[in-house]
Amino acid sequence: MARRIRNPRRSPERGTALVEFALVLPILLVLTMAALDLSRAFLAKNVLHQAAREGVRMRVVMVEPISGDDIGRVEDRVRQVADSGGLVPSDIDVSAVPTAGMNTVSVTAPFQFTFPALFRLVGVSLTNPMPLTASCSMRQE
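Using the working numbering, you'd call the opening residue of the sequence shown number 74 and step up by one each time.
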């Protein structure tokens, strides 16, 4: 039987980096996927805020008192902006409340955002689907 000659340059700890990488990789993947999912929710929230802001701005620049036709136009604008981000709001509430000579208009558009099951694997319990709601108010001049 031939004896293998030992290479003096080889470390006796050969392969430890591979084992460490195999142990750390699942944790890094879970953290990366969690960051991606949370950033998707943040994007959806920002799109909803922009839609609410657009609807409120449209209502504020109207000079006549609020009517059913105006509410329909504001809701259409909110849906148009939300649709550009791939969102379909389930409820839009347009209200005008005169307070001390000022008219405040609020638009609320909730959206059901569903987190993937990845969070359940690591033990995080989130409401699924998570309701995202955006509202905006402006003074009518």
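Even for Gly, the Cβ is constructed at its ideal location relative to N, Cα and C. Source: prediction; values computed, not measured.
For the alpha helix (DSSP H) that residue i lies in, which residues bound it at each end?
| i | result |
| --- | --- |
| residue 204 | From DSSP, residue 204 is part of no alpha helix (DSSP H) but of the beta strand (DSSP E) over 203-205. |
If you draw a straight line from the alpha carbon of residue i to that of residue j, how long is it in whole angstroms?
| i | j | result |
| --- | --- | --- |
| residue 147 | residue 160 | 17 Å |
| residue 123 | residue 154 | 7 Å |
| residue 204 | residue 110 | 15 Å |
| residue 213 | residue 100 | 51 Å |
| residue 90 | residue 118 | 41 Å |
| residue 152 | residue 92 | 51 Å |
| residue 170 | residue 157 | 29 Å |
| residue 115 | residue 98 | 26 Å |
| residue 206 | residue 164 | 10 Å |
| residue 211 | residue 135 | 12 Å |
| residue 76 | residue 96 | 34 Å |
| residue 94 | residue 133 | 57 Å |
| residue 112 | residue 142 | 36 Å |
| residue 196 | residue 82 | 45 Å |
| residue 198 | residue 86 | 41 Å |
Who does residue i pair with in a DSSP beta bridge?
| i | result |
| --- | --- |
| residue 89 | None; residue 89 has no bridge partner. |
| residue 106 | Answer by DSSP bridge pairing: none, since residue 106 is not bridged. |
| residue 152 | According to DSSP, which records beta bridges pairwise, residue 152 is partnered with nothing at all. |
| residue 184 | 205 |
Can you find the residues in the same chain that come closer than 8 Å, C-beta to C-beta, to residue i, ignoring five residues on each side of it along the sequence?
| i | result |
| --- | --- |
| residue 194 | 103 |
| residue 162 | 121, 124, 151, 152, 155, 182, 183, 184 |
What are the boundary residues of the beta strand (DSSP E) that residue i is part of?
| i | result |
| --- | --- |
| residue 163 | First-last for residue 163: undefined, no H or E at that position. |
Who are the near neighbours of residue i in its chain, counting only those whose CB is closer than 7 Å to its CB and skipping five residues on each side?
| i | result |
| --- | --- |
| residue 150 | 127, 128, 131 |
| residue 88 | none |
Looking at the C-beta of residue i, does it have a partner C-beta in chain B at a distance below 8 Å?
| i | result |
| --- | --- |
| residue 169 | No chain B is part of this structure, which consists of one protein chain only. |
Going by beta carbon distance, what residues of the same chain come within less than 6 Å of residue i, once the five residues before and after it are set aside?
| i | result |
| --- | --- |
| residue 108 | none |
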